[in-house]
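Asker: Here you go, one structure.
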Amino acid sequence: MSAFRVMRQDDNGNRFLVAGGLDRLAAERLAAEFEARGHKQLYWVEAEPEAEAADGAGADTP
Numbered sequence: 747m748s749a750f751r752v753m754r755q756d757d758n759g760n761r762f763l764v765a766g767g768l769d770r771l772a773a774e775r776l777a778a779e780f781e782a783r784g785h786k787q788l789y790w791v792e793a794e795p796e797a798e799a800a801d802g803a804g805a806d807t808p
């Protein structure tokens, strides 16, 4: 199962993670909730990279 995250971009073009590890529906609902508040920031949903979505995957272990 894929994990999704909600991202935000402010007026200066800076991008921030709002929430991660969500299913697609939850991420879309959260993004819509923030958009409905009328802030000038841009919110969107994107799939998390597989290495970030998997528990411990991609971590360097000795």
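Letter by letter, the sequence shown follows residues 747 to 808 of this note's numbering.
We put the CB at the ideal spot given by N, CA and C, even for glycine.
These figures come from a predicted structure and were not determined experimentally.
1. According to DSSP, Leu768 sits in a beta bridge with which residue or residues?
2. With DSSP as the reference, please indicate the residues paired to Gln755 in a beta bridge.
3. How should Ala777 be labelled, buried or exposed, when 16 other C-beta atoms within 10 angstroms of its C-beta is the threshold for buried?
4. Short check: CB of Leu768 to CB of Phe750, under 8 Å?
5. Alpha carbon to alpha carbon, how far is Val764 from Arg770? Give it in angstroms, no decimals.
Answerer: Looking at the coordinates:
1. Locating residue 768 in the sequence shown gives position 22, counting from the first residue. Bridge partners of Leu768: Phe750.
2. Counted from its first residue, the sequence shown places residue 755 at position 9. According to DSSP, which records beta bridges pairwise, Gln755 is partnered with Arg761, Leu788.
3. Position 31 of the sequence shown, counted from the first residue, corresponds to residue 777. Label assigned to Ala777: buried.
4. The residue labelled residue 768 in the question sits at position 22 within the sequence shown. The residue labelled residue 750 in the question sits at position 4 within the sequence shown. Their beta carbons are under 8 Å apart, which means Leu768 touches Phe750 by this criterion.
5. Start at 1 with the first residue of the sequence shown, and residue 770 comes out as number 24. Start at 1 with the first residue of the sequence shown, and residue 764 comes out as number 18. Going by the C-alpha atoms only, they are around 14 Å apart.
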